[in-house]
Amino acid sequence: MIEQKPANLAHMELWQQWREQGKLEAKQALIEAYLPLVDYVSGRMAIGLPKTVSREDLASYGVMGLIDATDKFDYQRGLQFETYASWRIRGAIIDGLRQGDWVPRSVREKAKKIEDAYQKLEQQYLRSVTDAEISEYLQISEGEFQQMLQDIAITTVCSIDEPIREEEAETRLSLLIDDKAKNPEYKVGEFFLRESLAKAIERLTEKERIVVSLFYYEDLSLSEIAEVMNLSPSRISQLHSKAILRLRGALGRMKTQLFQET
Numbered sequence: 001m002i003e004q005k006p007a008n009l010a011h012m013e014l015w016q017q018w019r020e021q022g023k024l025e026a027k028q029a030l031i032e033a034y035l036p037l038v039d040y041v042s043g044r045m046a047i048g049l050p051k052t053v054s055r056e057d058l059a060s061y062g063v064m065g066l067i068d069a070t071d072k073f074d075y076q077r078g079l080q081f082e083t084y085a086s087w088r089i090r091g092a093i094i095d096g097l098r099q100g101d102w103v104p105r106s107v108r109e110k111a112k113k114i115e116d117a118y119q120k121l122e123q124q125y126l127r128s129v130t131d132a133e134i135s136e137y138l139q140i141s142e143g144e145f146q147q148m149l150q151d152i153a154i155t156t157v158c159s160i161d162e163p164i165r166e167e168e169a170e171t172r173l174s175l176l177i178d179d180k181a182k183n184p185e186y187k188v189g190e191f192f193l194r195e196s197l198a199k200a201i202e203r204l205t206e207k208e209r210i211v212v213s214l215f216y217y218e219d220l221s222l223s224e225i226a227e228v229m230n231l232s233p234s235r236i237s238q239l240h241s242k243a244i245l246r247l248r249g250a251l252g253r254m255k256t257q258l259f260q261e262t
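Sequential numbering of the sequence shown, starting at 1, is according to the working numbering.
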């Protein structure tokens, strides 16, 4: 009986040829082997984006991310390339979309208003606020609030991959950095980020937590989550938008408190 190699060693020889010997043929072979990752990531990110954004554009951005990942990945650290490359592909797609200014200013302003409302009201009440409370604060009807959530859904699909700090280009991908390379200040910052995010997630409603868990941890698409939860895709999109805006508001509030204390 032939012993099978672990999945993460399937292309070890190619990695050695590329990273140690600089063989371009090996690099090309690796890129071709992992091209399905681009299709998978771009396909998931296409959900909720305007129809004017083509799959071909997303895929072309994603290929650039895959090439970047192939150039920078250190196969000797024992990490899964699929995980690393997926983050790089997503990041390249987001960069491409941002450069194309695909979200109208009016939509960004709506998202910012709701994020600020969550941040201020949940700091005031020290609990998750209801749609009615948000609507009253914004001086709109609940129906108008739900429509705003639908309008800004496209801005929240990529939010989790935005930079941890505005002045830095690195996203949560930085958490993959070798522990041995982290200085004490970085470890304190990472601990604060994890603690803050955990506390913020606890403040989400049950349905919002389920959507976040299924989308970001179970890797389901919004349409698949709709089937699991027996809700309409538009309702899942609204829940996702509210969850992300709550999290962004909470993290922004905690970041402000941190700087005030230091």
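Think of the CB as a built atom: it goes at the ideal place given N, C-alpha and C, for glycine as much as any other residue.
Remember, it's a predicted structure, so these values are computed and weren't measured experimentally.
If you check the CB distance, Ser-241 and Leu-138 do not come in under 7 angstroms. Annotated three-state conformation of Lys-23 is coil, per DSSP.
Pairwise C-beta distances place the stretch 64-75 in contact with the stretch 29-36, as three or more of them are shorter than 8 angstroms. By the neighbour-count definition (other C-beta atoms within 10 Å, threshold 16), Gln-76 is an exposed residue.
CA-CA distance, Lys-199 to Ser-128, rounds to 12 angstroms.
Distance from the Cα of Lys-113 is smallest, within the candidate group Ile-134, Tyr-125, Ile-93, for Ile-134. DSSP places His-11 outside both helix and strand once states are collapsed to three, so it counts as coil. DSSP places Ser-60 inside the alpha helix (DSSP H), whose first and last residues are 55-72. As the crow flies, the alpha-carbon of Glu-56 is around 21 angstroms from that of Thr-70. Taking 8 angstroms as the upper bound for CB-CB distance, Met-229 and Ile-210 are in contact here, some 7 angstroms apart. Between Leu-222 and Ser-237 the beta-carbon gap is near 6 angstroms, inside 8 angstroms, which marks them as a contact. Ranked by how close their Cα comes to the Cα of Leu-37, the residues Leu-197, Tyr-84, Phe-145, Ala-117 have Tyr-84 in first place. Assigned with DSSP and collapsed to three states, Val-41 falls in helix. The continuous alpha helix (DSSP H) containing Leu-149 extends over residues 142-151. For Ala-153, the closest of Gln-99, Ala-46, Ala-117 by C-alpha to C-alpha distance is Ala-46. Contact between Gly-249 and Glu-122 holds, with the beta-carbon distance rounding to 7 angstroms and staying under 8 angstroms. At the C-beta level, Leu-245 and Tyr-40 stay beyond 7 angstroms of one another. In this structure, the straight-line span from the alpha carbon of Pro-104 to that of Glu-195 is close to 33 angstroms. Assignment of Val-228 by DSSP, reduced to helix, strand and coil, places it in the helix class. Rounded to whole angstroms, Lys-120 and Leu-126 show a C-alpha spacing of 10 angstroms. By the 16-neighbour rule on beta-carbons within 10 angstroms, Tyr-61 is buried. Rounded to whole angstroms, Asp-151 and Arg-88 show a C-alpha spacing of 27 angstroms.
Sequence-distant partners of His-11 (beyond 5 residues in either direction) whose C-beta falls short of 7 angstroms from its own C-beta, in its chain, are Leu-30, Ala-33.
Sixteen is the threshold: since fewer than 16 other Cβ atoms of the shown chains lie within 10 Å of the Cβ of Ala-132, the residue is exposed. Ala-226 is positioned such that its CB atom lies closer than 7 angstroms to that of Pro-233.
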